[in-house]
Amino acid sequence: MSTVIPAIVAPSATDPLFTGTIERRDVGPADVRIDIRWAGICHSDIHTVQGDWGPQHYPLTVGHEIVGTVAEVGGDVTKFAVGDRVGVGCLVNSCGQCTNCTAGEEQYCLNGATGTYAAKDVDGTITQGGYSTSIVVTEHFVLRVPEAIPYEKAAPLLCAGITTYSPLRHWNAGPGKKVAVIGLGGLGHMAVKIAHAMGAEVTVLSRSNAKKDDALKLGADHYFATEDPETFRTLRNSFDLMINSTSAAIDINAHLKLLALNGTLVNVGLPPEALPVKVGNLIGGRRSFAGSNIGGIAETQEMLDFCAEHGIAPEVELVSAEQVNEAWARVLASDVRYRFVIDVETLEG
Ligand code: NAP
Ligand code: ZN
């Protein structure tokens with residue numbers, strides 16, 4: 135049995151999104167049904183639909199920054215009750231048994247974690263995401279959204295928040311550490327806010343000077359435009375940690391030279407193109423080039439609680455269901471300040 139619900143649907147890699155329907159399974163014993171109130175727009179939604187990371191099954195509903203209230207719980211559910219304010223991020227299942235899952239790193243499940251959309255679910259269907267009015271999720275993958283975080287701003291934390299929090303924690307951003315954030319979009323602006331709250335000295339590297347005032351207001355200590363070649367001379371050997379959040383290929387070798395001795399450049403941006411590294415740029419300063427994928431469920435809850443405690447929330451622009459195609463075009467043009475969030479009530483008609 136299943137329920138048909140309204141959703142924003144991609145019919146193909148190239149056609150505009152339209153308002154249609156998808157199906158949700160009935161609530162099982164360990165499941166929570168969430169009435170979705172807000173859904174963030176992540177650049178990964180666009181990469182996926184466009185086929186940047188490989189072919190997809192269409193029609194497809196994307197969205198993995200989901201916030202709403204619990205509408206129904208299964209008989210075995212212990213952590214949530216009807217009415218709770220909750221969130222769902224990029225994961226809806228994993229094996230729960232492998233060494234990575236048992237270590238709380240479900241995103242690196244050795245048997246393949248199930249993504250919130252475009253993934254094969256246990257029943258063989260393709261998962262459908264949060265640009266929709268409700269979702270049914272195993273309770274382990276449901277997060278508690280603290281009341282201190284404004285409701286309409288919370289959704290982007292479920293991907294942009296955790297994807298930047300996790301590497302900042304893993305590579306020990308904090309007092310005395312110089313952190314650079316490359317690209318000031320949805321992920322980048324969260325990296326600035328979180329790294330600043332952790333006590334690091336934060337530098338933004340954006341293509342032009344257009345976002346300088348914003349970056350300083352978000353908590354950056356310094357700002358440089360990468361279109362100015364002088365930036366790469368001035369900042370040589372500067373940073374302990376660099377978070378690359380850009381959605382397209384950059385000159386990775388020029389950026390690696392900005393790392394200090396033992397520094398690490400972590401890619402969270404996932405452009406379709408390869409980033410070819412000249413090994414000499416690593417050897418020359420015992421530098422590391424790394425990647426990081428979202429974060430585990432326990433760490434996502436830790437991030438939400440951290441943001442509540444530090445008064446951190448994304449900068450959002452709210453859009454209606456019928457504005458989503460326009461919002462996607464603006465994301466592709468880097469014309470987003472700094473995350474679009476869909477008002478899902480406008481989808482209910
Ligand atoms: P976004 O809001 O579109 O921001 C991307 C930023 O990249 C832009 O604001 C821009 O910054 C910069 N950029 C865009 N085009 C560029 C170009 N041609 N050359 C250099 N810089 C360019 O995207 P997002 O939602 O933050 O996502 C960023 C990337 O992270 C995407 O590839 C997404 O798929 C990936 N992602 C990865 C994970 C993970 O777990 N690792 C999770 C979520 C998203 P400036 O204008 O400041 O230069
Ligand atoms: Zn995302």
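If you're matching positions, the sequence shown starts at 135 in the numbering used here and goes up one per residue. Even for Gly, the Cβ is constructed at its ideal location relative to N, Cα and C. Being a predicted model, the structure only gives us computed values, none of them experimental.
Any non-hydrogen atom of ligand 2 closer than 7 Å to residue i Cβ
i    : result
S178 : yes
H330 : no
H181 : no
H198 : yes
Euclidean distance between Cα positions of residue i and residue j
i    : j    : result
G258 : G320 : 32 Å
V276 : I417 : 42 Å
T236 : T248 : 16 Å
K327 : L438 : 13 Å
E335 : G419 : 21 Å
R473 : D385 : 25 Å
T368 : W462 : 35 Å
T365 : T233 : 43 Å
A331 : A252 : 34 Å
Cut-off 7 Å between Cβ atoms - residues of its own chain near residue i, not counting five sequence neighbours on either side
i    : result
G430 : G238, E239, E240, Q241
S372 : K312, L392, A394
L452 : E286, V475, D477
V204 : V166, I168, F214, A215, V216, G217, D218, V220
G185 : A147
G425 : V400, N401
D210 : P163, A164
L352 : H323, V326, K327
Counterpart residues of residue i in DSSP-defined beta bridges
i    : result
D477 : W172
G154 : A141
M376 : A314, L399
S136 : R159
Nonlocal neighbours in the same chain, by C-beta distance under 6 Å from residue i, ignoring five residues either side
i    : result
M135 : D160
W305 : L375, T398
Distance cut-off 7 Å: residue i Cβ against heavy atoms of ligand 1
i    : result
A382 : yes
I142 : no
A394 : no
T341 : According to the sequence provided, residue 341 is Arg. The question's Thr does not apply to it. Yes, the Cβ of R341 comes within 7 Å of a heavy atom of ligand 1.
T297 : yes
8 Å CB neighbourhood of residue i in its chain, flanking five on each side removed
i    : result
E433 : G238, I296, Y299, S300, R303
P140 : T153, G154, T155, S266, T267, L481, E482, G483
Short CB-CB distance (under 8 Å) between residue i and chain D
i    : result
F366 : In the displayed structure, chain D is absent; only one protein chain is listed.
Handout entry: Every unbroken alpha helix (DSSP H) inside the segment 391-431 [4 residues or more]
Key = 413-417
Handout entry: In chain order, each alpha helix (DSSP H) run of at least 4 residues that lies wholly inside the segment 195-246
Key = 233-236
Practice task
Could I get the ranges of all uninterrupted beta strand (DSSP E) runs contained in the segment 282-348, with 3 residues as the minimum, in chain order?
Solution key: 312-316, 335-340
Problem - 3 or more residues per run - each beta strand (DSSP E) lying fully within the segment 449-477 - result: 450-453, 473-477
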